[in-house]
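Visitor: Before anything else, here's the structure in question.
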């Protein structure tokens, strides 16, 4: 179920271009594999949440975590034919995000017939340092019969 | 500890104007009381998360929930002298948000010496209908001795 | 979908008697309605989690919250024909539980075709006081066609 | 801050013997290091949560996750002088637990001045297989000045 390259390209295109809020915030898929992805959010001064420290707004981390988790599910399912929606998720903030690109790595822990569980890690600037936040989400997945030749 | 009116006005001003991400997204404080608030996010087409249904992006709900929870803590503490930061939070999505104003009601359940627990409810268009999402967060609070005459 | 009385009695009987861990811990259904329940855990000295304060073990609160949430789903579905399992849940502890009966009120917030979301509140001794913990869980529900005459 | 061996032995002794609910359920510390531990819960027939599959009760997983997370904090802090209490935690169930020993690995992700964040993984029978549940918790820690020569 790793998806043909065309179906996967459509997932990335959809994520980056067809979801208005993702596009508005500038989300970019930096790496992807079945059930996994790394999303980059290029830095913008509008993303500051604490002007005094200063630090990134936690809500941006939450938004990209939620969204990257859904993308990891689509990549596990192999394409856009199988709708995915977030049931719930939790974020634990570990330290303040710096005023740099935000990165989110997401990995599907379990892909069931109806539910997927995904873990996300957020990084400031680079994935080489310890994460600034960790998240966990449950997603409803709908597996549809193969279509368009798949 | 309900705060003098000037200190509370400074909290609202800070929330709406001095936090760049809140300003970027257009968050407005519609109602407030000690430990409680109602935040409105006026609708913008950039907020769409699912262009097919279409529906609001869940990340916006998560962002406003996280932020409104912090505001409710500041309102409970009576002013900006006592820093507040999110430890973690969880969102459960109940139904798709319509393409209308998003509202978030937050209420402090417990205000401890170091930790506050806040419950949030998200509404689409009006608080008269059932919520579209519910959230719960823990916040670190730092109580400082009164300063600058407050 | 409120269930005939016999089906509901079977749910209560199953919860209290047929689930070994519930029976081991002494869970009792004190009140129930479609989508709602109140579960009582009569006090036992083995339930202490902090012998110095002393206070109730938080794990007992978590266990009863998880379980009462599942019961509330079964009560919403009207009987045991529709299997329910916990996807995930979160507990926020508000204050130490006293060495008294533990009570858990659970209420279904949303019952979807496949997912239910439930909110739980935990009380020490009586539901007249403020809760000692609040919880939120997502449950997978399987709606089966009516059987055995239902 | 890894603690002298005597202080660490006192933590283990406290965890296994002095917490009545841990003792009642038979929790045993199988491995430990600063900020990490592996807790084993030897199988007992009372732990069944679903008599039909049959499967382990999820509440037992939640209880051991909450508790092992607190132990990992004490091990990071180096002894019992620094009180730890759970603020909140979340469990995601990945698959049914078998009727075997339950294992919980906990690891502190962040140890701050007042808050620690811990990740837990639950296993059925052996840590060589994929986890049956994953959890994340926030803990309030109180760092006290060294005492008794430490």
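Chains as they are written, first to last, in the working numbering: chain A, 13 to 162; chain B, 13 to 162; chain C, 13 to 162; chain D, 13 to 162. Ideal Cβ placement from N, Cα and C applies to all residues, glycine included.
1. Buried or exposed: where does residue 151 (chain C) fall if 16 or more other Cβ atoms within 10 Å of its Cβ makes it buried?
2. With a 10 Å radius around its C-beta and 16 neighbouring C-beta atoms as the bar for buried, classify residue 54 (chain D) as buried or exposed.
3. What does a CB cutoff of less than 7 Å around residue 49 (chain B) pick up in its chain, not counting 5 residues either side in sequence?
4. Taking the alpha carbon of residue 164 (chain B) as the reference point, which residue from B:17, B:51, B:47, B:19 has its own alpha carbon closest?
5. Please report the distance separating the alpha-carbon of residue 92 (chain C) from that of residue 76 (chain B).
6. Pick out the complete beta strand (DSSP E) segments inside the segment 49 to 130 of chain B, 3 residues or longer, and give them in chain order.
7. So, residue 155 (chain A) versus residue 94 (chain A), is the Cβ gap smaller than 8 Å?
8. Opposite residue 136 (chain B) in the DSSP bridges: which residues?
9. Rounded to a whole number of angstroms, what is the C-alpha to C-alpha distance between residue 139 (chain C) and residue 109 (chain C)?
10. Mind listing which residues of the segment 61 to 73 of chain C have their C-beta closer than 7 Å to chain D's C-betas, in chain order?
11. With residue 21 (chain B) as the anchor, note down where its alpha helix (DSSP H) starts and where it stops.
12. Scan the segment 70 to 103 of chain D for residues whose Cβ lies nearer than 8 Å to a Cβ of chain C and list them as they occur along the chain.
13. In the structure shown, what three-state DSSP assignment does residue 42 (chain A) receive?
14. Is residue 134 (chain B) near residue 97 (chain B), with beta carbons less than 8 Å apart?
15. Name the chain C residues whose beta carbon is nearer than 7 Å to that of residue 126 (chain B)?
16. Run down chain B in chain order and give the residues with a C-beta less than 7 Å from the C-beta of residue 58 (chain A).
17. On the DSSP letters alone, give me the boundaries of the alpha helix (DSSP H) that residue 35 (chain B) sits inside.
18. Label residue 159 (chain B) either buried or exposed according to how many other C-beta atoms from any shown protein chain fall within 10 Å of its C-beta, with 16 as the threshold for buried.
19. Looking only at its own chain, which residues have a Cβ that is under 7 Å from the Cβ of residue 112 (chain B), when we skip the five neighbours before and after it?
20. Spatial neighbours of residue 146 (chain A) within its chain, please: CB distance less than 8 Å, with the 5 preceding and 5 following residues excluded, ordered by chain position.
21. Below 7 Å CB to CB, which residues in the same chain sit around residue 141 (chain C) once its five sequence neighbours on both sides are set aside?
22. On the CB-based measure, 16 or more other CB atoms within 10 Å of its CB, does residue 47 (chain D) come out buried or exposed?
23. Quick one: which chain C residues come within Cβ less than 9 Å of residue 121 (chain B)?
24. Any beta-carbon of chain A closer than 8 Å to the one on residue 21 (chain C)?
25. Thinking C-beta only, is residue 33 (chain B) closer than 8 Å to residue 60 (chain A)?
26. What residues are listed by DSSP as bridge partners for residue 149 (chain B)?
27. Using a Cβ-Cβ cut-off of 8 Å, state whether residue 131 (chain A) counts as contacting chain D.
28. Can you say whether residue 124 (chain C) is buried or exposed, counting buried as having 16 or more other CB atoms within 10 angstroms of its CB?
29. Please classify residue 155 (chain D): does DSSP put it in a helix, a strand, or coil?
30. Hey, is residue 117 (chain D)'s beta-carbon within less than 8 Å of any beta-carbon in chain A?
31. What residues from chain D crowd round residue 150 (chain A), counting only those whose CB sits closer than 7 Å?
32. Just to confirm my understanding: we take residue 162 (chain D), look at its own chain, exclude 5 residues before and 5 after, and list those with CB closer than 6 Å. What are they?
33. Within a Cβ cutoff of 8 Å, which residues of the same chain sit near residue 30 (chain B), ignoring the five residues on either side of it in sequence?
Guide: Looking at the coordinates:
1. Walking along the third chain from the start, residue 151 (chain C) turns up at place 139. Residue burial is scored here from C-beta neighbours: residue 151 (chain C) has at least 16 other C-beta atoms within 10 angstroms and is therefore classed as buried.
2. In the fourth chain, counting from the first residue as 1, residue 54 (chain D) sits at position 42. Counting of Cβ neighbours within 10 angstroms places residue 54 (chain D) among the exposed residues, the total staying below 16.
3. Taking the first residue of the second chain as position 1, residue 49 (chain B) is located at position 37. For residue 49 (chain B), where only same-chain residues beyond five positions count, the Cβ hits under 7 Å are 41, 43, 80, 83, 84, 87, 118.
4. There is no way to answer for residue 164 (chain B), as the model of chain B reaches only from 13 to 162.
5. Working through the third chain from its first residue, we reach residue 92 (chain C) at position 80. Working through the second chain from its first residue, we reach residue 76 (chain B) at position 64. Taking the straight line from one Cα to the other gives about 39 Å.
6. For the segment 49 to 130 of chain B, whole beta strand (DSSP E) runs of length 3 or above, ordered along the chain, are 60 to 62, 96 to 105, 114 to 123.
7. Numbered from its first residue, the first chain carries residue 155 (chain A) at position 143. Numbered from its first residue, the first chain carries residue 94 (chain A) at position 82. Yes.
8. Taking the second chain and counting its residues from 1, the one referred to as residue 136 (chain B) is at position 124. Residue pairing by DSSP puts residue 136 (chain B) in a beta bridge opposite B:114.
9. For the purposes of this step, residue 139 (chain C) is identified with residue 127 of the third chain, where counting begins at 1. For the purposes of this step, residue 109 (chain C) is identified with residue 97 of the third chain, where counting begins at 1. Spanning the alpha carbons of residue 139 (chain C) and residue 109 (chain C) requires a straight line of approximately 13 Å.
10. Result list: 61, 63, 69, 70, 71, 72.
11. Your numbering for residue 21 (chain B) matches position 9 in the second chain. Where residue 21 (chain B) is concerned, the enclosing alpha helix (DSSP H) starts and stops at 17 to 25.
12. Here the close residues are 70, 71, 72, 74, 75, 76, 78, 79, 97, 98, 99, 100, 101, 102, 103.
13. Start at 1 with the first residue of the first chain, and residue 42 (chain A) comes out as number 30. Reduced to three states, the DSSP call for residue 42 (chain A) is strand.
14. For this step, residue 134 (chain B) is matched to residue 122 along the second chain. For this step, residue 97 (chain B) is matched to residue 85 along the second chain. No, the Cβ-Cβ distance between residue 134 (chain B) and residue 97 (chain B) is not below 8 Å.
15. On the second chain, position 114 is the one that residue 126 (chain B) refers to. None at all; the shortest Cβ gap to chain C is about 13 Å.
16. Mapped onto the first chain, residue 58 (chain A) falls at position 46. Those are 32, 33, 36, listed as they occur along chain B.
17. Numbered from its first residue, the second chain carries residue 35 (chain B) at position 23. Where residue 35 (chain B) is concerned, the enclosing alpha helix (DSSP H) stretches over 32 to 37.
18. For the purposes of this step, residue 159 (chain B) is taken as the residue at position 147 of the second chain. Note on residue 159 (chain B): pLDDT 48, under 50, position unreliable in the model; the coordinate value appears next. Residue 159 (chain B) is exposed by the Cβ-count criterion.
19. Against the second chain, residue 112 (chain B) aligns to sequence position 100. Once the five neighbours on either side are set aside, the close Cβ partners of residue 112 (chain B) are 55, 136, 137.
20. By one-based count along the first chain, residue 146 (chain A) stands at place 134. Here the set comprises 103, 104, 106, 131, 132, 133, 134.
21. Within the third chain, residue 141 (chain C) is the residue found at index 129, counting from 1. Around residue 141 (chain C): 135.
22. To locate residue 47 (chain D), count along the fourth chain from 1; it is residue 35. With 16 or more Cβ atoms within 10 Å of its Cβ, residue 47 (chain D) is classed as buried.
23. On the second chain, position 109 is the one that residue 121 (chain B) refers to. In chain order: 104, 106, 142, 143, 146.
24. By 1-based counting over the third chain, the position of residue 21 (chain C) is 9. No - not a single Cβ of chain A is within 8 Å of the one on residue 21 (chain C).
25. Here residue 60 (chain A) refers to the residue found at position 48 of the first chain. Here residue 33 (chain B) refers to the residue found at position 21 of the second chain. Yes, these two residues count as a Cβ contact at 8 Å.
26. Here the question's residue 149 (chain B) lines up with position 137 in the second chain. In the DSSP output, where bridge partners are listed per residue, residue 149 (chain B) has B:101, B:130.
27. For the purposes of this step, residue 131 (chain A) is identified with residue 119 of the first chain, where counting begins at 1. Among the CB atoms of chain D, one or more fall inside 8 Å of the CB of residue 131 (chain A).
28. The sequence position of residue 124 (chain C) within the third chain is 112, counting from 1. With fewer than 16 other Cβ atoms within 10 Å, it is exposed.
29. By 1-based counting over the fourth chain, the position of residue 155 (chain D) is 143. Residue state, collapsed to three classes: coil.
30. Locating residue 117 (chain D) in the fourth chain gives position 105, where the first residue counts as 1. No, its Cβ sits nowhere closer than 8 Å to a Cβ of chain A.
31. Numbered from its first residue, the first chain carries residue 150 (chain A) at position 138. The answer, in chain order, is 104.
32. Translated into the one-based positions of the fourth chain, residue 162 (chain D) becomes position 150. Caution is warranted here: a pLDDT of 36 is assigned to residue 162 (chain D), below 50, making its placement in the model unreliable, and no coordinate value can be reported.
33. For the purposes of this step, residue 30 (chain B) is taken as the residue at position 18 of the second chain. Result list for residue 30 (chain B): empty, nothing under 8 Å.
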